[in-house]
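The sequence shown begins at 1 in UniProt numbering and counts up one residue at a time.
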Amino acid sequence: MSAIDAANQFIDIHGRRLAYRAIGDGQPIVLCTRFRGNLDCWDPAFLDALVAAGFRVITFDYSGLGLSTGTASYDPFVMVNDPRDLIEALGLREVVIGGWSLGGLVAQVLVALHPTHLSHAVLLGTTPPGPNVKPAEALFFATAGREVNDFEDEVILFFEPRSPESRAAARRSADRIAARTTDRSPPVPAEFARANLSGDPSAPIFPALPVLAALRATTLPILHIAGDHDIVFPVENWYALNQTLPTVQLLTYPSAGHGPHHQHPEASAQHIATFVRTTSRVVST
Numbered sequence: 001m002s003a004i005d006a007a008n009q010f011i012d013i014h015g016r017r018l019a020y021r022a023i024g025d026g027q028p029i030v031l032c033t034r035f036r037g038n039l040d041c042w043d044p045a046f047l048d049a050l051v052a053a054g055f056r057v058i059t060f061d062y063s064g065l066g067l068s069t070g071t072a073s074y075d076p077f078v079m080v081n082d083p084r085d086l087i088e089a090l091g092l093r094e095v096v097i098g099g100w101s102l103g104g105l106v107a108q109v110l111v112a113l114h115p116t117h118l119s120h121a122v123l124l125g126t127t128p129p130g131p132n133v134k135p136a137e138a139l140f141f142a143t144a145g146r147e148v149n150d151f152e153d154e155v156i157l158f159f160e161p162r163s164p165e166s167r168a169a170a171r172r173s174a175d176r177i178a179a180r181t182t183d184r185s186p187p188v189p190a191e192f193a194r195a196n197l198s199g200d201p202s203a204p205i206f207p208a209l210p211v212l213a214a215l216r217a218t219t220l221p222i223l224h225i226a227g228d229h230d231i232v233f234p235v236e237n238w239y240a241l242n243q244t245l246p247t248v249q250l251l252t253y254p255s256a257g258h259g260p261h262h263q264h265p266e267a268s269a270q271h272i273a274t275f276v277r278t279t280s281r282v283v284s285t
């Protein structure tokens with residue numbers, strides 16, 4: 001079964017119903033989606049490439065959004081309950097927790113607070129906690145808060161508009177995402193998204209210093225995949241933490257933006273598979 005054909009599944013836990021999809025066999029990788037994201041915002045080529053690399057790929061809708069019930073929140077310390085509960089309910093172990101953009105904040109909180117069943121973390125176009133050396137661009141906030149984002153908006157938000165190759169990759173990715181025409185997840189309401197969108201590019205987006213302390217102490221291997229021109233979460237903020245995060249590896253694609261795994265779906269999946277296969281927790285003796 002490919003990502004385009006994956007069935008919607010549901011699990012009732014702690015008073016709400018979480019919607020999820022699962023494809024493939026092997027080590028589980030649970031993916032937390034982006035701001036305004038739902039089950040249908042992942043590029044099927046990326047998910048299918050992860051399956052081909054030997055993963056069981058699990059995506060889900062956050063509580064109260066998409067096909068999931070419950071109370072919606074964009075607070076990562078609340079959202080973390082969703083992947084934690086899904087992992088427990090499905091009986092998953094040795095989980096690779098993944099997160100894109102806002103989902104990357106959720107994944108980092110999971111690493112900090114609930115690492116028991118995790119083996120690795122994969123972060124996609126997200127930001128580290130704490131103060132940043134480079135702020136987001138105002139263009140992101142103006143674009144991300146629109147009622148509906150058209151193709152040109154998606155190029156701005158997730159790719160590199162100045163690069164013809166990135167623009168071409170954006171078109172291919174959009175066509176793949178649009179290929180699923182049935183059983184789709186409802187969009188995140190624009191008014192909910194806008195209410196959770198800061199208008200100040202200089203404001204700290206993830207001022208979670210306890211999470212930064214946890215990343216500095218963790219033995220969990222962490223991979224961050226980025227584009228060299230991320231409009232909201234500049235990769236420079238990760239490189240500013242060089243030599244302070246003992247398990248973090250950084251991969252940066254040239255002429256790419258906030259959705260590097262959509263511009264390079266197969267390559268990103270292969271990098272993730274190699275990372276998981278060749279790294280493990282550092283165990284003190």
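Just so you know, even glycine gets a beta-carbon here, dropped at the ideal spot from N, CA and C.
Is the number of C-beta pairs between the region 7-17 and the region 187-194 that are closer than 8 Å three or more? With a cut-off of 8 Å, the region 187-194 and the region 7-17 do not count as touching, because too few Cβ pairs lie within range.
Return the chain-ordered list of same chain residues with a C-beta closer than 6 Å to the C-beta of ALA240, the five sequence neighbours on each side being excluded. As a working note, residue 240 is residue 240 in the sequence shown. These residues qualify, in order along the chain: VAL133.
Using the Cα positions of THR278 and ALA121, report the straight-line distance between them to the nearest angstrom. Along the sequence shown, one-based indexing puts residue 278 at 278. Along the sequence shown, one-based indexing puts residue 121 at 121. One alpha carbon belongs to THR278, the other to ALA121, and they sit about 13 Å apart.
Measuring CA to CA, which of THR126, THR127, PHE35 and LEU31 is closest to LEU86? Residue numbering aside, residue 86 sits at position 86 when the sequence shown is read from its first letter. It is LEU31 whose Cα lies nearest to the Cα of LEU86.
Would you mind reading off the limits of the alpha helix (DSSP H) that contains HIS262? The count along the sequence shown starts at 1 and reaches residue 262 at position 262. Looking at the DSSP string, the run of the alpha helix (DSSP H) that includes HIS262 is 260-263.
GLY37, DSSP secondary structure in three states: Your numbering for residue 37 matches position 37 in the sequence shown. DSSP places GLY37 in coil when its eight states are reduced to three.
Which class does GLN270 belong to by DSSP, given the choice of helix, strand or coil? For the purposes of this step, residue 270 is taken as residue 270 along the sequence shown, with counting starting at 1. Secondary structure of GLN270 (DSSP, three-state): helix.
Alpha carbon to alpha carbon, what distance is there between GLU147 and SER68? Within the sequence shown, numbered from 1, the residue matching residue 68 stands at position 68. Within the sequence shown, numbered from 1, the residue matching residue 147 stands at position 147. Distance between the alpha carbons of SER68 and GLU147: 21 Å.
In three-state terms, what does DSSP make of GLY103? Your numbering for residue 103 matches position 103 in the sequence shown. When secondary structure is reduced to three states using DSSP, GLY103 falls in the helix class.
Within the chosen definition, does the region 154-166 reach the region 248-263 through at least 3 CB pairs nearer than 8 Å? With the cut-off at 8 Å, the region 154-166 and the region 248-263 touch.
If you run the structure through DSSP and keep just helix, strand and coil, what is LEU212? By 1-based counting over the sequence shown, the position of residue 212 is 212. Judged by DSSP in its simplified three-state form, LEU212 adopts helix.
Looking at C-beta atoms only, is the number of pairs between the region 83-101 and the region 1-13 that lie closer than 8 Å three or more? The region 83-101 is in contact with the region 1-13.
Are ALA3 and ILE23 closer than 8 Å when you measure CB to CB? Mapped onto the sequence shown, residue 3 falls at position 3. Mapped onto the sequence shown, residue 23 falls at position 23. Yes. Within cutoff.
At the level of alpha carbons, what is the spacing between ASN149 and VAL282? Residue 149 sits at position 149 when you count from the first residue of the sequence shown. Residue 282 sits at position 282 when you count from the first residue of the sequence shown. Taking the Cα positions, ASN149 is about 43 Å away from VAL282.
On the three-state DSSP scale, how would you describe SER119? Within the sequence shown, numbered from 1, the residue matching residue 119 stands at position 119. Correct three-state label for SER119: strand.
Among ALA208, ARG56 and ALA174, which residue has its Cα nearest to the Cα of TRP42? For the purposes of this step, residue 42 is identified with residue 42 of the sequence shown, where counting begins at 1. That would be ALA174, whose Cα lies nearest to the Cα of TRP42.
Which word fits ARG56, buried or exposed, when buried means at least 16 other C-beta atoms lie within 10 angstroms of its C-beta? As a working note, residue 56 is residue 56 in the sequence shown. ARG56 comes out buried.
Buried or exposed for ALA142, going by 16 or more other Cβ atoms inside 10 Å? Here the question's residue 142 lines up with position 142 in the sequence shown. ALA142 comes out exposed.
Three-state secondary structure (DSSP) of PHE60: For this step, residue 60 is matched to residue 60 along the sequence shown. Shown here, PHE60 sits in a strand according to DSSP, grouped into three states.
Three-state secondary structure assigned by DSSP to PHE206: As a position in the sequence shown, residue 206 is number 206, starting the count at 1. PHE206 falls in the coil class under three-state DSSP.
What does the Cβ neighbour count give for THR285, buried or exposed, with the cut at 16 atoms within 10 Å? Residue numbering aside, residue 285 sits at position 285 when the sequence shown is read from its first letter. Low confidence applies here, because THR285 scores a pLDDT of 43, under 50, leaving its location unreliable; read the following figure in that light. In the assembly as shown, THR285 is an exposed residue. Its beta-carbon has fewer than 16 other beta-carbons within 10 Å.
Going by other Cβ atoms of all chains shown within 10 Å of its Cβ, with 16 needed for buried, is ARG162 buried or exposed? Counting from one through the sequence shown, the residue named residue 162 turns up at place 162. Counting the other CB atoms within 10 Å of its CB gives ARG162 a total below 16, which places it among the exposed residues.
If we ignore side chains and look at the alpha-carbon of each, how far apart do GLN270 and ALA53 end up? Residue 270 sits at position 270 when you count from the first residue of the sequence shown. Residue 53 sits at position 53 when you count from the first residue of the sequence shown. Straight-line Cα distance between these residues: approximately 7 Å.
Please list the terminal residues of the continuous alpha helix (DSSP H) segment that includes ARG176. As a first step, residue 176 must be located in the sequence shown, where it is residue number 176. 164-178 is the span of the alpha helix (DSSP H), which, as asked, contains ARG176.
According to DSSP, is ILE225 helix, strand or coil? Working through the sequence shown from its first residue, we reach residue 225 at position 225. ILE225 carries a strand assignment under DSSP once its states are collapsed to helix, strand and coil.
From the DSSP output, which residues share a beta bridge with VAL248? The count along the sequence shown starts at 1 and reaches residue 248 at position 248. Its beta-bridge partners are ILE222.
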